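Colleague:
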Amino acid sequence: MPSVKCAVCDSWSSTADCKSLSSPTYAWFHNHLQAKGKIFNLDELFYCKRCTNTLYTIKKGLITVLTSFTSERSSSDSMDVEQDDDRLTLDSIWSTGSGHKLCVLCRSQFPTLLSPQQLRDLMNDIFSFFDELRSSPRLDFDDSSLTDEDYDAWTGWSEEQFNDMFKEISVYLRSSSNRTSRNALAIFWIKIKTNLSFRQIGSLFNISGNSDTRRLRAADAFDSVRELFIKYFVSKHLGIGHITIDDAKIHNTAYSKEFFGNESTLIWDGTYFFIGKSSSHSVNRSTYGGQKKRHYVKFMSIVHPDDYVSDVIGPFQGTLNDASIAEEILATNNALATWLGSNGHIIVDRGFRDVIETFQDLGYETHMPSFLKKGEKQHSTIDMNNSRMCTKIRWSVEAFHGRLKKWRIFQDKIHNSLIPKLK
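Dropping the structure here:
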């Protein structure tokens, strides 16, 4: 069997007992031999098994010498050159081991065992982190990483609009052990936007307790926000009288000014929300509509020509038509009956034909698409143009009803337990 010479101990050994040193990994050993003035051929560099420890002792000594030389050079250079404390140089690192016993930079040893107290502290930190993850909401509106798309998908509002509403009621809305005040507002709008059950919303916000407890806590948050909205928010932005007559004229459009003059103009129209069957026979009779063949309640919308909502009044029985609802509103709401003044305009559809005289008795100028008179087969040009003007202006109330139904709770069948909260 051929023999080779060991580059460390200079003894001859068989090739089976030797390993090559020609790899670039052993460049440090090549530099060591050159520093000693030895001439060598890379293909003939081997070391025997007996010299393995000796070889790595040489390597460790070289690293120690190089580290001390580098630190001396750095200290001498710092006297003349301003050092950059943020700079990290790795010139002195020859190699890195796969273990964790030695530091990569200074090669000092680290303890591989922890004291009982250190181990307990470490495990307590890990368990505390897991407990915090379990108790934190799966959806958290206190998280600043939520985007406008997230806010719109869950609440129907942008983050800026959500923040504006929160500022209005945050003074009066308290946090609790189950949810923060901001998440309470989110619970309210998620219910309106998605019509998820309170049990599902409670699970979404990871409210503690069983399913019934989660349902009750989510429902309580919904009711708290609803009451605060009615008390501090709705009165500022909805209802006859929250703007003046002069402010109402600002909401006229170019078409309404051209058709009816620059006077305050209101558009009336009714809409409906489906509800479930009640256990009360009288309630079923009063809410069943023969037109839709379903149970529903009605609301009266009062909108300006530019789509600005003045008021939404209700709920009313499903058996009442638009004219009957308008009669009841005018008889019970004195502020609404006198708000427009003598020069105000009312725009309605043909469903209000029975209440036209009541509007006119109050001094309002009422506009409605015309009917064919008895014996006529076609409208006159004037009647057709007047009907077109009414239709052109009153589209805004239909657009508002379309936007209102984007909230899933108004689009789906409303649970009977929520009907008293529609007022």
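Going by UniProt numbering, the residue at position 205 of the sequence shown is 205; the numbering climbs one at a time, nothing skipped.
Just so it is clear, CB atoms sit at the ideal spot from N, CA and C, and this is done for glycine as well.
The structure presented is a predicted model; accordingly, all values stated were derived computationally and were not measured.
Do you know offhand how far residue 206's Cα is from residue 139's?
Modeller: Cα to Cα, the separation comes out at about 8 Å.
Colleague: Sorted by chain position, which residues of the same chain lie with C-beta nearer than 6 Å to residue 260's C-beta, five sequence neighbours on each side aside?
Modeller: 345
Colleague: Is the number of C-beta pairs between the region 234–241 and the region 275–289 that are closer than 8 Å three or more?
Modeller: They do not touch, by the three-pair rule.
Colleague: Apart from the five residues on each side of it in sequence, which residues of its chain come closer than 8 Å, Cβ to Cβ, to residue 315?
Modeller: Leaving aside the five residues that flank residue 315 on each side, the residues in its chain whose CB is nearer than 8 Å to its CB run, in chain order, 273, 297, 298, 299, 419, 422, 423.
Colleague: For the alpha helix (DSSP H) that residue 158 lies in, which residues bound it at each end?
Modeller: Taken as a continuous stretch (DSSP letters only), residue 158 belongs to no alpha helix (DSSP H), as it is neither H nor E.
Colleague: Taking the C-alpha atoms as reference points, what is the distance between residue 213 and residue 125?
Modeller: 30 Å
Colleague: Helix, strand or coil: which one does DSSP assign to residue 348?
Modeller: coil
Colleague: Restricting to Cα atoms, I'd like to know which of 381, 5, 326, 387 is closest to residue 362.
Modeller: Of the candidates 381, 5, 326, 387, 326 places its Cα closest to the Cα of residue 362.
Colleague: Buried or exposed: where does residue 171 fall if 16 or more other Cβ atoms within 10 Å of its Cβ makes it buried?
Modeller: exposed
Colleague: By the three-class DSSP mapping on this structure, what secondary structure does residue 28 have?
Modeller: helix
Colleague: Thinking just about the alpha-carbon of each residue, which of 397, 400, 376, 370 is nearest to the one in residue 386?
Modeller: 370
Colleague: Flag this pair as yes or no: are the beta carbons of residue 268 and residue 355 separated by less than 7 Å?
Modeller: Cβ distance not < 7 Å, so residue 268 and residue 355 don't count as in contact.
Colleague: Which partner residues does residue 296 have in the DSSP bridge list?
Modeller: 274
Colleague: How long is the line joining the alpha carbons of residue 17 and residue 108, rounded to whole angstroms?
Modeller: Whole-angstrom Cα-Cα distance: 32 Å.
Colleague: Just reading off the beta strand (DSSP E) that residue 48 is part of, what are its end residues?
Modeller: Where residue 48 is concerned, the enclosing beta strand (DSSP E) starts and stops at 46–48.
Colleague: Considering only the beta carbon of each residue, do residue 8 and residue 46 sit closer than 7 Å?
Modeller: No, they are not a contact pair.
Colleague: Is residue 190 helix, strand or coil by DSSP?
Modeller: helix
Colleague: On a CA-only basis, which of 301, 305, 353 is nearest residue 329? Give me that one, please.
Modeller: Comparing Cα-Cα distances from residue 329 to each of 301, 305, 353, the minimum goes to 301.
Colleague: Residue 171 by DSSP, collapsed to three states: which one?
Modeller: If DSSP states are grouped into helix, strand and coil, residue 171 belongs with coil.
Colleague: In the DSSP output, what is residue 303 paired with across the bridge?
Modeller: 267, 309
Colleague: Counting only the same chain and skipping the five closest in sequence on each side, list residues whose C-beta sits under 6 Å from that of residue 394.
Modeller: 267, 347
Colleague: Just to confirm, are residue 155 and residue 193 a CB contact at a threshold of 7 Å?
Modeller: yes
Colleague: Which partner residues does residue 144 have in the DSSP bridge list?
Modeller: None; residue 144 has no bridge partner.
Colleague: Let me know the secondary structure DSSP gives residue 56 once reduced to three states.
Modeller: helix
Colleague: If residue 198 and residue 225 are in contact, beta carbons under 8 Å, what's the gap, nearest whole angstrom?
Modeller: Incorrect: roughly 13 Å between the Cβ atoms, too far for contact.
Colleague: Taking only the alpha-carbon atoms, compute the straight-line gap between residue 353 and residue 415 and give it to the nearest angstrom.
Modeller: 33 Å
Colleague: Between which two residues does the beta strand (DSSP E) holding residue 15 run?
Modeller: Per DSSP, residue 15 belongs to no beta strand (DSSP E) and is neither H nor E.
Colleague: Using a 10 Å radius around the Cβ and a threshold of 16 neighbouring Cβ atoms, would you call residue 215 buried or exposed?
Modeller: buried
Colleague: Cα separation between residue 144 and residue 152?
Modeller: 15 Å
Colleague: Find out if the Cβ-Cβ distance for the pair residue 405, residue 276 is shorter than 7 Å.
Modeller: No. Outside cutoff.
Colleague: Residue 316 bridges to which residues according to DSSP?
Modeller: 298
Colleague: Just to confirm, is the Cβ distance from residue 245 to residue 264 under 7 Å?
Modeller: yes
Colleague: So residue 305 packs on residue 366, CB below 8 Å; how close in whole Å?
Modeller: Contact doesn't hold; Cβ gap of about 15 Å is too wide.
Colleague: Can you tell me whether residue 367 is helix, strand or coil according to DSSP?
Modeller: strand
Colleague: Per DSSP, what kind of secondary structure is residue 9 in: helix, strand or coil?
Modeller: coil
Colleague: When DSSP labels each residue in this structure, what does residue 37 get in the three-state scheme?
Modeller: coil
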